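From first to last, the protein sequence lines stand for chains A and B. Throughout the first sequence, residue numbering follows my numbering, covering 7 to 546 in sequence. Throughout the second sequence, residue numbering follows my numbering, covering 7 to 546 in sequence. We treat Cβ as the ideally placed atom computed from N, Cα and C, and that holds for glycine. Please read these numbers as outputs of a predicted model, since none were measured by experiment.
There are 2 protein chains.
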Amino acid sequence: MRQHHRSTRLFGSLLLVAAAGFSSVAAVPGGGSGVKESATATTPTPLGQVIPAPASADPGGSPYEINAKTRIRVGASRDAHRIGSYLADILRPSTGYSLKVTDDGGRDGIRLRLDSEDKSLGGEGYRLESKRGSVTITARKAAGLFYGVQTLRQQLPAAAEKKTKQKGPWLVAGGTIEDAPRFEHRGAMLDVSRHFFSVDKVKRYIDQMSLYKVNKLHLHLSDDQGWRIAIDSWPRLATYGGSTQVGGGKGGYYTKAQYKDIVRYAASRQLEVIPEIDMPGHTNAALASYAELNCDGVAPPLYTGTEVGFSSLCVNKGVTYDFVEDVIREIAALTPGKYIHIGGDEAHSTSHDDYVTFMNKVQPVVAEYGKTVIGWHQLTGATPAKGALAQYWGYDATGAAEREQVVNAAKKGTKLVLSPADRSYLDMKYDKNTPLGLSWAGYVSVERSYDWDPGTYLAGAPEDSIKGVEAELWSETLSTSAHIEYMAFPRLPGIAELGWSPASTHDWDTYKERLAEQGPRWDALGIGYYKAPEVPWPGK
Amino acid sequence: MRQHHRSTRLFGSLLLVAAAGFSSVAAVPGGGSGVKESATATTPTPLGQVIPAPASADPGGSPYEINAKTRIRVGASRDAHRIGSYLADILRPSTGYSLKVTDDGGRDGIRLRLDSEDKSLGGEGYRLESKRGSVTITARKAAGLFYGVQTLRQQLPAAAEKKTKQKGPWLVAGGTIEDAPRFEHRGAMLDVSRHFFSVDKVKRYIDQMSLYKVNKLHLHLSDDQGWRIAIDSWPRLATYGGSTQVGGGKGGYYTKAQYKDIVRYAASRQLEVIPEIDMPGHTNAALASYAELNCDGVAPPLYTGTEVGFSSLCVNKGVTYDFVEDVIREIAALTPGKYIHIGGDEAHSTSHDDYVTFMNKVQPVVAEYGKTVIGWHQLTGATPAKGALAQYWGYDATGAAEREQVVNAAKKGTKLVLSPADRSYLDMKYDKNTPLGLSWAGYVSVERSYDWDPGTYLAGAPEDSIKGVEAELWSETLSTSAHIEYMAFPRLPGIAELGWSPASTHDWDTYKERLAEQGPRWDALGIGYYKAPEVPWPGK
Numbered sequence: 007m008r009q010h011h012r013s014t015r016l017f018g019s020l021l022l023v024a025a026a027g028f029s030s031v032a033a034v035p036g037g038g039s040g041v042k043e044s045a046t047a048t049t050p051t052p053l054g055q056v057i058p059a060p061a062s063a064d065p066g067g068s069p070y071e072i073n074a075k076t077r078i079r080v081g082a083s084r085d086a087h088r089i090g091s092y093l094a095d096i097l098r099p100s101t102g103y104s105l106k107v108t109d110d111g112g113r114d115g116i117r118l119r120l121d122s123e124d125k126s127l128g129g130e131g132y133r134l135e136s137k138r139g140s141v142t143i144t145a146r147k148a149a150g151l152f153y154g155v156q157t158l159r160q161q162l163p164a165a166a167e168k169k170t171k172q173k174g175p176w177l178v179a180g181g182t183i184e185d186a187p188r189f190e191h192r193g194a195m196l197d198v199s200r201h202f203f204s205v206d207k208v209k210r211y212i213d214q215m216s217l218y219k220v221n222k223l224h225l226h227l228s229d230d231q232g233w234r235i236a237i238d239s240w241p242r243l244a245t246y247g248g249s250t251q252v253g254g255g256k257g258g259y260y261t262k263a264q265y266k267d268i269v270r271y272a273a274s275r276q277l278e279v280i281p282e283i284d285m286p287g288h289t290n291a292a293l294a295s296y297a298e299l300n301c302d303g304v305a306p307p308l309y310t311g312t313e314v315g316f317s318s319l320c321v322n323k324g325v326t327y328d329f330v331e332d333v334i335r336e337i338a339a340l341t342p343g344k345y346i347h348i349g350g351d352e353a354h355s356t357s358h359d360d361y362v363t364f365m366n367k368v369q370p371v372v373a374e375y376g377k378t379v380i381g382w383h384q385l386t387g388a389t390p391a392k393g394a395l396a397q398y399w400g401y402d403a404t405g406a407a408e409r410e411q412v413v414n415a416a417k418k419g420t421k422l423v424l425s426p427a428d429r430s431y432l433d434m435k436y437d438k439n440t441p442l443g444l445s446w447a448g449y450v451s452v453e454r455s456y457d458w459d460p461g462t463y464l465a466g467a468p469e470d471s472i473k474g475v476e477a478e479l480w481s482e483t484l485s486t487s488a489h490i491e492y493m494a495f496p497r498l499p500g501i502a503e504l505g506w507s508p509a510s511t512h513d514w515d516t517y518k519e520r521l522a523e524q525g526p527r528w529d530a531l532g533i534g535y536y537k538a539p540e541v542p543w544p545g546k
Numbered sequence: 007m008r009q010h011h012r013s014t015r016l017f018g019s020l021l022l023v024a025a026a027g028f029s030s031v032a033a034v035p036g037g038g039s040g041v042k043e044s045a046t047a048t049t050p051t052p053l054g055q056v057i058p059a060p061a062s063a064d065p066g067g068s069p070y071e072i073n074a075k076t077r078i079r080v081g082a083s084r085d086a087h088r089i090g091s092y093l094a095d096i097l098r099p100s101t102g103y104s105l106k107v108t109d110d111g112g113r114d115g116i117r118l119r120l121d122s123e124d125k126s127l128g129g130e131g132y133r134l135e136s137k138r139g140s141v142t143i144t145a146r147k148a149a150g151l152f153y154g155v156q157t158l159r160q161q162l163p164a165a166a167e168k169k170t171k172q173k174g175p176w177l178v179a180g181g182t183i184e185d186a187p188r189f190e191h192r193g194a195m196l197d198v199s200r201h202f203f204s205v206d207k208v209k210r211y212i213d214q215m216s217l218y219k220v221n222k223l224h225l226h227l228s229d230d231q232g233w234r235i236a237i238d239s240w241p242r243l244a245t246y247g248g249s250t251q252v253g254g255g256k257g258g259y260y261t262k263a264q265y266k267d268i269v270r271y272a273a274s275r276q277l278e279v280i281p282e283i284d285m286p287g288h289t290n291a292a293l294a295s296y297a298e299l300n301c302d303g304v305a306p307p308l309y310t311g312t313e314v315g316f317s318s319l320c321v322n323k324g325v326t327y328d329f330v331e332d333v334i335r336e337i338a339a340l341t342p343g344k345y346i347h348i349g350g351d352e353a354h355s356t357s358h359d360d361y362v363t364f365m366n367k368v369q370p371v372v373a374e375y376g377k378t379v380i381g382w383h384q385l386t387g388a389t390p391a392k393g394a395l396a397q398y399w400g401y402d403a404t405g406a407a408e409r410e411q412v413v414n415a416a417k418k419g420t421k422l423v424l425s426p427a428d429r430s431y432l433d434m435k436y437d438k439n440t441p442l443g444l445s446w447a448g449y450v451s452v453e454r455s456y457d458w459d460p461g462t463y464l465a466g467a468p469e470d471s472i473k474g475v476e477a478e479l480w481s482e483t484l485s486t487s488a489h490i491e492y493m494a495f496p497r498l499p500g501i502a503e504l505g506w507s508p509a510s511t512h513d514w515d516t517y518k519e520r521l522a523e524q525g526p527r528w529d530a531l532g533i534g535y536y537k538a539p540e541v542p543w544p545g546k
């Protein structure tokens, strides 16, 4: 009865979920509170007890149960069909049911409905209605349908995520969820430069972030230690500049076909890829590949250490801008998304004047190829282009002047993405005993990572200047999927919730209970997470 | 009062510690149970509540207190002087006292006495007597004195291990410990081949293992991925064969001076270095360095993966034995210890007959240079030389025939060192969420690692065939001191206790309480350990 007890506690404090929902449990066919052994298995996850917390959840009525006859009804839309198939692929192995995806009409089963007329739902919102006989997800666009499916997954038992047949029943609590995100930008960054990650590893992480309605995959494709994307006009960037990594291992790079494969796969999970080419600093891999990019015409050696701030493109050489334009042109052609990230952080070897000159020349090139600039927040020290986003990665030790520069830019209209290093940098150690990661921004516990409000974090910045949040995973110390998962879980879901859920749902005490219930899901999915001591994991 | 309560519980169940010891606490000057705030600080660690558990502890009488006037009295012995200085170096920063090391006579202070006549103490045993005014450690040899000092360290507050001045009092509970090890061989192995570890990192680990009276440092100096020791007659072994490591990083090797420095440092911590050159398999680094060592005369490329079992020295070539003799001669000359480890595991590319031929030829070479053979337990498939030790690394899945071969060798007189992979391999993951390590022998929790008896582990092997135990740290996934510490702590102390403490002290429930009290010591020492959930760490 432990789980039952815990759910009740959560219930009491999650204002959005009406207490009425619980009485419906007694009406579950074959379950009921009289049967002690099966009470846990047949008690569905309370409606809305998911991450990110939904904007509203109104529980009530009988639960819906998936059974052998369940069909996934998707209508005529190709997007709905694709998302229905995605859901069926997840649920078939665990339920053992055929879960035919069909455009046959019908009021029963799992129904995925696109309703482009329903303006109330917004571009990413959805409604999920669950009752005896059917669960219906309605959305205006594919994204909303996909997010509704993620919510549905979390309303099902954790065993639904397993790859082999499990015992049901497969209940979804009755009631209605209406949900839409707080912020437009809900990102996660993976640094594939310090250590290279194969396409399969990137896809694995994409699948994991999509569980929490993350919608931007920021790929840090170049840095001092490696260049990771093939550029036809400058081929040595990848073949030589990508040939090693931190620690001296063999590195790697994505061919254009591989990069496109990542972009496609991300899109199938409603993620937009944001490619980053970090400039003018963090460029040793490029400088090592082409001598002419260096002011002195001498190529430095490849670099496999972890220090920062020593490299710079040669701001006063014409060839630098040929290089930049070639790279941006080729990457823009591969990237359907709106943005190209041009870095701009830690250019400690570039004078201020040179930095401004450089950014004034490079930002228009991005626009020329139809893309919008994102830069690290140091970009606000130059003149951000119209529409450009600045990504704030400061932390408690960041100087007031630097912070004010960002706030002033926000007041003048530059939108901000927040990824404060001491909150959302997933590579920071949890505590002093964490064997991976760094700690220059301090230790970032799960609670610290979650417990801040993007809307009020940067004092003075207008709330409407906040475009969203991003969780960054730098890879100086990380080289495997196990490493990624240990650092990202359980912190990534917290940042994702900050990006999605209304501020009114924010509460560490109830969040940690919801987070704890994700543990069995990660077990089922094979995600090796850090069992943070401040989270009441089930069975502990 | 939490710590007080815990100590009481331990007390009740640790049979060797008489209940009388606790009443003495009330007599502590300036402490006493009436002063609540200072009760924890002024309650000394109960006598004998250390790791490894001592053979006997008889608490009673007033505690000893280190103060500003304390001298460390060592008599005329050079060894005692060295060990006294080592202790003073540890305690000076935290206590802020001068702790003069002196051979002045006197009955007070910290007294380190070598008494070569006291046969009752054994070659590694010691007696520690603590009372108002003095704590006296008596031993027959330097090793015992050093181990007595380790016990003394653990009887002091954890703050004594810090590098900056701390608040006292510095109390040692009153009473007498008489202690000697159960087994002669209490080893720890570090694999410096898969990833290379600098001399400083090795020394750091030596300091850590010496806390728990480990007395053998087994260095795995060669493997497929790297050769780590300079050999003058075959220089490319180190310069080429040592030039990389798992993952492709730059590797490294010890010069002869560096190796001797490690040997010297280990000796200062009463550790004997056992160098291992793994043969005839696990030799790709050597085969890549010298084409003539290969049967086909062609050198394979350097290897940076993690698979095993593909390489073999050419058993039927004369040059192979020139090579082996040169290597053994040079390593024997650098190594004051008794043993050379010749590996012999996983020689999957060597036929059985060739394996036997090889071992018959190589073992006498070791003897010729005055050393004794250690080999992995597969050596029992050939004919172990007289006096040779076989190191058993099997686990639950090891076949009965293989196990029986080892047991039969033990019955015929081959002594065994036990390092069962599913108990004492420190590189096995603790559980599925451990981000480092491997799991081919299953998960090895702290409890599983501790909860076995070397005396009865190998059914059929005579108890007197068991020379001791060893904790192995393979480094396919480990490349930093933080990695070493996360995997070794808290499991290494458990293996060390199995090697030292009488079987009668073995009890997980009391052990885990003692282990928990090591946490603050590791914090003070900067050891980043895994906070295993089954251990009741203080303050959790």
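* How far does the beta strand (DSSP E) with G303(A) in it reach, from first residue to last? -> The residue you call residue 303(A) lines up with position 297 of the first sequence. Run containing G303(A): none; DSSP gives neither H nor E here.
* Asked: Since P4(A) contacts S507(A) with CB under 8 Å, what's their CB separation in whole angstroms?
  -> Absent from the model: residue 4(A). The displayed extent of chain A is 7 to 546, so no value can be given.
* Reduced DSSP category for G36(B) - H, G, I as helix; E, B as strand; rest coil -> As a first step, residue 36(B) must be located in the second sequence, where it is residue number 30. Residue placement at G36(B) is poorly supported in this model, since its pLDDT is 34, which falls under 50; the coordinates are not used for a value here.
* Asked: Hey, would you say Q384(A) sits closer than 7 Å to D359(A), going by beta carbons?
  -> The count along the first sequence starts at 1 and reaches residue 384(A) at position 378. The count along the first sequence starts at 1 and reaches residue 359(A) at position 353. Cβ distance not < 7 Å, so Q384(A) and D359(A) don't count as in contact.
* **Contained beta strand (DSSP E) runs [length at least 3] in the segment 316-352 of chain B, N- to C-terminal order** => Runs of the beta strand (DSSP E) lying entirely within the segment 316-352 of chain B, each at least 3 residues long, are 345-349 in chain order.
* Under the rule that 16 or more other beta-carbon atoms within 10 Å means buried, what is N439(A), buried or exposed? -> As a first step, residue 439(A) is located in the first sequence; it is residue number 433 there, counting from the start. So N439(A) counts as buried.
* To do: Report buried or exposed for K435(A), applying the criterion of at least 16 other Cβ atoms within 10 angstroms of its Cβ.
  => If you number the first sequence from 1, residue 435(A) lands on position 429. By the neighbour-count rule (16 or more Cβ atoms within 10 Å), K435(A) is buried.
* Cross-strand partners of G311(A) (DSSP beta bridge) -> As a first step, residue 311(A) is located in the first sequence; it is residue number 305 there, counting from the start. None, per the DSSP bridge assignment.
* Beta carbon proximity, A305(A) to chain B, threshold 7 Å -> Looking up residue 305(A) in the first sequence gives position 299. Taking a beta-carbon distance threshold of 7 Å, A305(A) does not count as an interface residue toward chain B.
* If I'm right that G400(B) touches T378(B) with Cβ under 8 Å, what's the distance once you round it to whole angstroms? => Along the second sequence, one-based indexing puts residue 400(B) at 394. Along the second sequence, one-based indexing puts residue 378(B) at 372. Between T378(B) and G400(B) the Cβ distance is about 22 Å, and since that is not below 8 Å, they are no contact.
* **DSSP beta-bridge partners of H512(A)** => Here residue 512(A) refers to the residue found at position 506 of the first sequence. In the DSSP output, where bridge partners are listed per residue, H512(A) has none listed.
* Per DSSP, the bridge partner or partners of W233(A) -> Working through the first sequence from its first residue, we reach residue 233(A) at position 227. Partner(s): S228(A).
* **Per-residue DSSP class, three states only, for H191(A)** => Mapped onto the first sequence, residue 191(A) falls at position 185. It is a strand residue.
* Asked: Nearest-angstrom Cα distance between I268(A) and R520(B)?
  -> Position 262 of the first sequence, counted from the start, is the residue given in the question as residue 268(A). Position 514 of the second sequence, counted from the start, is the residue given in the question as residue 520(B). Taking the CA atoms as reference points, I268(A) sits about 51 Å from R520(B).
* To do: Identify every run of the beta strand (DSSP E) within the segment 343-418 of chain A, keeping only runs that are complete inside it and at least 3 residues long; order them along the chain.
  => With a minimum length of 3 residues, the unbroken runs of beta strand (DSSP E) contained wholly in the segment 343-418 of chain A fall at 345-349, 378-382 and 395-398.
* Do we get a CB-CB distance below 7 Å when we pair P544(B) with the residues of chain A? -> As a first step, residue 544(B) is located in the second sequence; it is residue number 538 there, counting from the start. Cβ-Cβ to chain A under 7 Å: no for P544(B).
* **chain A contact for A530(B) (CB, 7 Å cutoff)** => What you label residue 530(B) is simply residue 524 of the second sequence in a count that begins at 1. Chain A, which has no Cβ nearer than 7 Å to the Cβ of A530(B), makes this no.
* Asked: Beta-carbon of G534(B) versus every beta-carbon of chain A: anything under 7 Å?
  -> The count along the second sequence starts at 1 and reaches residue 534(B) at position 528. At a cut-off of 7 Å between beta carbons, G534(B) contacts chain A.
* **Cβ-based contacts, 7 Å cut-off: residues of the segment 241-268 of chain A near chain B** => Of all residues in the segment 241-268 of chain A, only G253, G254, G255 and K256 place a beta-carbon less than 7 Å from a beta-carbon of chain B.
* Taking the DSSP output, what are the residues bridged to P544(A)? -> Position 538 of the first sequence, counting from 1, holds the residue named residue 544(A). None; P544(A) has no bridge partner.
* To do: Quick one: give me the first and last residue of the alpha helix (DSSP H) that S176(A) is part of.
  => The sequence position of residue 176(A) within the first sequence is 170, counting from 1. What sits at residue 176(A) in the sequence shown is Trp, not Ser. Going by DSSP, W176(A) is part of no alpha helix (DSSP H) but of the beta strand (DSSP E) stretching over W176 to V178.
* Asked: Looking at Y265(B) and I235(B), is the spacing between their C-beta atoms short of 7 Å?
  -> Translated into positions along the second sequence, residue 235(B) becomes position 229. Translated into positions along the second sequence, residue 265(B) becomes position 259. I235(B) places its beta carbon less than 7 Å from that of Y265(B).
* Three-state secondary structure (DSSP) of S199(A) -> The sequence position of residue 199(A) within the first sequence is 193, counting from 1. S199(A) falls in the coil class under three-state DSSP.
* Taking Cβ to Cβ, would you say I472(A) is nearer than 7 Å to L422(A)? -> Translated into the one-based positions of the first sequence, residue 472(A) becomes position 466. Translated into the one-based positions of the first sequence, residue 422(A) becomes position 416. Cβ atoms of I472(A) and L422(A): closer than 7 Å.
* To do: Could you list which residues in chain B have their beta carbon closer than 7 Å to that of L5(A), in chain order?
  => Since the displayed chain A opens at 7 and closes at 546, residue 5(A) lies outside it and no answer follows.
* Does the count of Cβ pairs from the segment 286-300 of chain B and the segment 238-248 of chain B closer than 8 Å reach three? -> They touch, by the three-pair rule.
* Asked: Got a sec: is the Cβ-Cβ distance from K222(B) to anything in chain A below 7 Å?
  -> Within the second sequence, residue 222(B) is the residue found at index 216, counting from 1. No, K222(B) lies away from the interface with chain A (no Cβ there is under 7 Å from its Cβ).
* Asked: So with Cβ pairs under 7 Å, would you call P370(A) a contact of chain C?
  -> Among the protein chains of the structure shown, namely A and B, there is no chain C.
* Please confirm if V31(B) has its CB atom under 7 Å from at least one CB of chain A. => Within the second sequence, the letter at position 25 stands for residue 31(B). Low confidence applies to V31(B): its pLDDT is 33, below 50, so where it sits in the model is not reliable, and the reading given next is rough at best. So no, V31(B) is outside the interface.
* To do: Indicate whether at least one CB of chain A lies closer than 7 Å to the CB of A488(B).
  => Along the second sequence, one-based indexing puts residue 488(B) at 482. Chain A places a beta carbon closer than 7 Å to that of A488(B), counting this residue as a contact.
* If you draw a straight line from the alpha carbon of G111(B) to that of W543(A), how long is it in whole angstroms? -> Here the question's residue 111(B) lines up with position 105 in the second sequence. Here the question's residue 543(A) lines up with position 537 in the first sequence. Each residue's Cα considered, the two are about 59 Å apart.
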